[in-house]
Amino acid sequence: MAYSKKSRAVAGAAVAAAVLATGVASQSGAFAAGSTDPVLLGAEFTDRFPAKATGGAVIPVTVTGGTVGATPAAFGALHIAARIGGISAGVAWVDETHLKITAPATGKATNATMQLFRKGAAGPMSGAVVAYYPGVVSVSPSKISSEGGALVTINGNGFLGIDPDTPGAVTFGDVPATAITVVSATRITAVAPEGANGPATVRVKSDGGTSEVSGGGKVNYRGALSVDTTDDPTAKASGGPLLLKIKGGTVGASAKEFTAERIVVRLDRKALTATWVDESHVKVVMPPRLTDTATLTVTHDDIPGDEATVSIAPVVTNLSAKTDTLAGGTKVLVRVAGADAGNATSFSFGDHPADCAKQGSGSSLSFQCTVPAATDPGPVPITFTSGTGKQSHFTAASVFNYTDN
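The structure is reproduced here in structure tokens:
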């Protein structure tokens with residue numbers, strides 16, 4: 014077949030054009046494959062949308078600047094992603110301009126912006142913020158003195174968003190803690206303020222909001238109770254009941270309330286049997302005590318009050334004979350109890366001094382006394398002075414009767 018010069022030239026130009034077109038198309042495809050999506054998506058949602066620091070809040074979002082696909086399949090092809098406060102968030106398609114974003118957990122409860130991504134292209138930061146607020150899970154100890162000052166450990170989440178210098182960052186009831194230390198994202202220590210007897214909710218506040226009320230986020234303030242020694246309460250050395258006035262709060266308006274308040278009176282470390290008398294008095298049973306004083310402590314639901322010192326009085330515990338004539342002369346064994354009772358002196362039957370001699374020791378200690386003469390019939394107390402110089406107190410066991418004959 015014969016070709017003219019003109020036809021050869023036209024054919025050559027066509028081939029060259031085809032080759033050029035193929036090259037351009039190839040370069041264009043390579044650019045597209047290696048570039049990010051030029052569509053930059055923005056997120057609009059309710060400003061200060063509340064979210065727990067543990068995450069999980071579902072935020073309805075309106076997409077601006079483009080679409081996220083008209084179908085779930087198209088949405089998947091666009092690789093839509095979201096971040097809140099720089100942390101990846103869950104994304105769910107609603108329609109081509111709406112999403113549902115699930116807030117992720119954060120260690121820093123504060124206001125956080127949102128950012129959307131389409132095929133890796135980062136959109137602008139949102140104008141609205143997600144308001145993360147902290148959570149309180151538990152506190153320890155759960156019982157503290159109403160006087161305040163207890164160091165309380167608060168366990169929860171989102172605490173890195175707490176500014177310890179912000180007034181009211183931690184509150185007990187409505188009262189701010191007196192000192193705060195942020196230990197970690199999940200732990201704070203706070204010094205409790207003074208508080209009224211009863212429960213108080215512990216709450217933590219950040220820029221994003223205040224923790225919700227939780228069952229584990231409460232302390233029980235307990236009034237620091239103690240024994241009122243104004244009237245010098247005195248117990249018998251032989252032991253027995255002792256009425257105590259309590260100060261620092263009440264012991265309950267009834268026996269039932271007294272039991273509920275878990276009030277215990279201790280002698281040294283030993284709990285004494287205590288019964289309710291009224292809202293300011295209890296009665297305890299003291300054991301025998303061979304000292305001049307005893308230290309009592311009242312605990313209110315395990316919260317101890319100040320120690321109180323009560324007096325221990327020497328006493329007569331038994332008489333071998335309880336009567337004699339006015340002439341006296343009968344020998345009577347007088348048993349006594351008290352500090353250094355073995356060196357007791359100055360025995361008297363009423364106003365009449367008696368001659369007494371020590372008999373035995375320990376649990377068998379007694380004094381044999383000769384009943385002195387008296388001028389009037391009737392009952393009189395037998396008294397003495399202990400070896401420590403303390404005057405004995407009256408007891409029913411110390412009563413002696415003079416008769417006419």
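According to the numbering used here, the sequence shown holds residues 14 to 418 in order. Glycine is no exception: its CB is placed at the ideal position from the N, C-alpha and C atoms.
Annotation: the continuous beta strand (DSSP E) that includes Gly-148 extends over 148-153. Thr-223 is the residue among Gly-252, Thr-223 and Ser-374 whose C-alpha sits nearest the C-alpha of Ala-66. The Cβ-Cβ distance between Thr-119 and Tyr-145 falls below 8 Å. For Lys-231, the uninterrupted beta strand (DSSP E) segment begins and ends at 231-235. Sequence-distant partners of Ala-287 (beyond 5 residues in either direction) whose C-beta falls short of 6 Å from its own C-beta, in its chain, are Val-278, Val-295 and Val-297.
Counting C-beta pairs closer than 8 Å gives fewer than three between the segment 400-418 and the segment 366-380, which falls short of the contact rule. Excluding its 5 nearest sequence neighbours in each direction, Val-142 has C-beta neighbours in its own chain below 7 Å: Asp-60, Arg-61, Asn-124, Ala-125 and Thr-126, listed in chain order. The segment 266-283 and the segment 312-324 touch, with three or more beta-carbon pairs separated by less than 8 Å.
Closest in C-alpha terms to Leu-255, from the list Pro-300, Ala-102 and Ala-386, comes Pro-300. CA-to-CA, the gap between Glu-109 and Ala-56 works out to about 13 Å. Ser-324 carries a strand assignment under DSSP once its states are collapsed to helix, strand and coil. The beta carbons of Val-264 and Glu-292 sit closer together than 8 Å. Put simply, the backbone Cα of Ser-158 is about 41 Å away from that of Gly-400. Annotation note: the segment 182-250 contains no uninterrupted alpha helix (DSSP H) run of length 4 or greater. Gly-355 sits in a helix when the DSSP states are folded into three classes.
Judged by DSSP secondary structure, Lys-344 falls outside any alpha helix (DSSP H) and instead within the beta strand (DSSP E) spanning 344-350.
Secondary structure in the segment 73-137: the beta strand (DSSP E) runs of 3 residues or longer, each lying completely within the stretch, are 94-97, 100-108, 111-115 and 127-131 in chain order. DSSP links Ile-167 through a beta bridge to Val-152 and Ile-201.
In this structure, the straight-line span from the alpha carbon of Leu-285 to that of Gly-341 is close to 42 Å. Taking Ala-205 as the centre and dropping the five residues before and after it, the same chain places the C-beta of Ile-157, Gly-161, Ala-163, Val-165 and Phe-185 closer than 6 Å to its C-beta, in chain order. Counting the other Cβ atoms within 10 Å of the Cβ of Gln-128 gives 16 or more, which makes it buried.
Three or more pairs of CB atoms, one per stretch, sit closer than 8 Å, so the segment 385-399 contacts the segment 335-351. Collapsing the DSSP output to three states places Gly-252 in coil.
Pairing Arg-131 with Asp-220 gives a Cβ-Cβ distance that is not under 8 Å. The Cβ atoms of His-406 and Val-345 do not sit closer than 8 Å to each other. Between Leu-54 and Lys-113, the alpha-carbon positions lie close to 14 Å from each other.
Of all alpha-carbon atoms in Pro-246, Asn-356 and Ser-361, the one lying nearest the alpha-carbon of Ala-321 is that of Pro-246. Judged by DSSP in its simplified three-state form, Glu-57 adopts strand. In the three-state DSSP reduction, Ser-139 falls in the coil class, being neither helix nor strand. The three-state secondary structure of Lys-258, taken from DSSP, is strand. Apart from the 5 residues on each side of it in sequence, Gly-79 sits with its Cβ closer than 6 Å to the Cβ of Val-52 and Leu-54 in its chain, given in chain order. Shown here for Ala-102: same chain residues with a beta carbon closer than 7 Å to its own, the five before and five after excluded, namely Ala-95, Arg-96, Ile-114, Thr-115, Ala-116 and Pro-117 in chain order.
Boundaries of the alpha helix (DSSP H) around Ala-268: 268-274. Straight through space, the alpha carbons of Val-149 and Asn-210 are spaced by roughly 22 Å. Taking a C-beta distance under 8 Å as the contact criterion, Gly-171 and Ala-237 do not qualify as a contact pair.
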